[in-house]
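In terms of the numbering used here, the numbers along the sequence shown are unbroken and rise by one, the last being 493.
A virtual CB, placed ideally from N, CA and C, is assigned to each residue, including glycine.
None of the values given here were measured: they were computed from a predicted structure.
Accompanying notes for the structure given below.
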Amino acid sequence: MAASWTLAWAAAALCLPAAAQAASEVFPGSFEAASPGTRVASLYYYQRSLEGYYVNGTRIGGAKVEGQAVVAAFSVYGRLFDMTSSWSLHLPYLRAHRTEGVLPAGFGNEMSGAGDVRIGYTVWPVNDRETGQWLAVSGTLLTPTGHYDHSQSMNAGDRRWKANLQLAWVRYLSPTVAAELIPEVTFYGSNGNYVGYRMTQAPAPALTTYLRWKFTPGWETQVGYQFNTGGEQTIAGRRQGNEPRNRRVFLGVSTLLSPGVKLNFRYSRDTSLNYEMKTTRDLVASVNWGF
């Protein structure tokens with residue numbers, strides 16, 4: 203029904219800027235647990251195009267930004283209280299630059315450097331491969347370890363602690379069709395030097411869904427949808443009223459190159475956005491090696 207391994211929590215990403223993006227990147231099939239003792243090494247490449255700046259759903263400035271990211275990840279499966287579990291580590295490197303138009307003062311025109319290291323842990327209270335059903339509880343700590351320039355808001359790192367909690371449900375509707383539902387919420391620490399001011403941010407819930415279809419042995423296609431809300435920022439004691447409330451659609455395809463090697467491609471874009479930068483094209487290629 204499913205491959206014998208998968209990456210527990212695929213995260214990473216091009217944070218341009220923080221308020222307009224979900225704190226996690228949920229890839230289809232990420233919450234089908236592998237056998238204890240399995241290890242998964244992964245490499246991700248992102249190519250992202252953004253436009254903005256958006257204020258209350260209206261684009262101003264006519265700016266465009268192009269960015270890339272490379273993420274190395276490693277995950278190990280084990281057991282916790284008789285439940286399958288896994289921990290994961292993600293190491294990103296990011297770069298981006300403005301290609302045209304005008305961005306708000308203090309936003310910045312380019313950035314590059316190591317991103318924030320992410321440490322995740324997942325447990326599966328339900329792990330039933332025979333019936334094709336999984337329920338996972340996942341937590342990820344995003345550490346303030348990435349490169350940060352306090353003179354601008356566009357950065358590889360975020361200079362604050364963040365914690366992301368997810369509840370993932372996966373169910374096979376037939377031997378070849380699976381549905382996924384992943385609600386999450388992200389909590390933010392404060393940044394004491396955000397373009398010279400103290401910045402805090404309200405918790406940000408999000409919901410990601412996928413429908414997956416194995417249309418031929420070894421090949422799968424996916425469609426998905428994500429909705430983000432919350433995440434309003436307060437800067438220098440003043441609420442910004444800048445909840446992004448962005449909606450995003452996903453299209454993907456994956457194939458098994460061998461019993462332990464999986465190749466994935468995914469395209470996504472924002473269909474609507476209230477504030478900050480809108481993702482007009484997000485291409486991701488990844489390879490996962492289970493051993």
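CB contact flag (residue i, residue j, <7 angstroms)
i: N430; j: A404; result: no
i: H292; j: R250; result: no
i: Y412; j: P238; result: no
i: T240; j: G462; result: no
i: W289; j: Y323; result: yes
i: L343; j: G317; result: no
i: P346; j: R361; result: yes
i: H349; j: A358; result: yes
i: G454; j: Q424; result: yes
i: N311; j: A235; result: no
i: Y396; j: K364; result: no
i: A243; j: F276; result: yes
i: E422; j: S460; result: no
i: G426; j: F452; result: yes
Residue i - DSSP class collapsed to helix/strand/coil
i: A380; result: strand
i: F389; result: strand
i: A302; result: The sequence given here places Glu at residue 302; Ala does not occur at that position. Strand at E302.
i: A210; result: Any reading at A210 must be qualified, since the residue scores a pLDDT of 34, below 50, and its modelled position is unreliable; the value itself is stated next. Coil at A210, not helix or strand.
i: Q354; result: coil
i: G492; result: strand
i: R447; result: coil
i: D318; result: coil
i: R441; result: strand
i: A215; result: Because A215 sits at a pLDDT of 42, beneath the cut-off of 50, its placement in the model cannot be relied upon, and the point is left open.
i: T410; result: strand
i: W363; result: coil
i: N395; result: strand
i: F233; result: coil
With 16 other Cβ atoms within 10 Å as the buried cut-off, status of residue i
i: I384; result: buried
i: V325; result: buried
i: L305; result: buried
i: R441; result: exposed
i: A370; result: buried
i: G280; result: exposed
i: Y477; result: buried
i: P327; result: exposed
i: L465; result: exposed
> Could you give the uninterrupted runs of the beta strand (DSSP E) lying entirely in the segment 412-439, keeping only those of 3 residues or more?
Replying inline: Counting only runs of 3+ residues, the beta strand (DSSP E) found wholly inside the segment 412-439 occupies 421-430, 435-437, in chain order.
> Enumerated in chain order, which unbroken segments of the beta strand (DSSP E) with a length of 3 residues or greater are wholly contained in the segment 457-490?
Replying inline: 463-474
> Would the segment 294-307 and the segment 264-272 be scored as touching if the rule is three or more Cβ pairs under 8 angstroms?
Replying inline: With the cut-off at 8 angstroms, the segment 294-307 and the segment 264-272 touch.
> Counting pairs of beta carbons, one from the segment 241-258 and one from the segment 482-491, are three or more of them closer than 8 angstroms?
Replying inline: yes
> Taking contact to mean at least 3 C-beta pairs separated by less than 8 angstroms, is the segment 327-341 in contact with the segment 357-377?
Replying inline: yes
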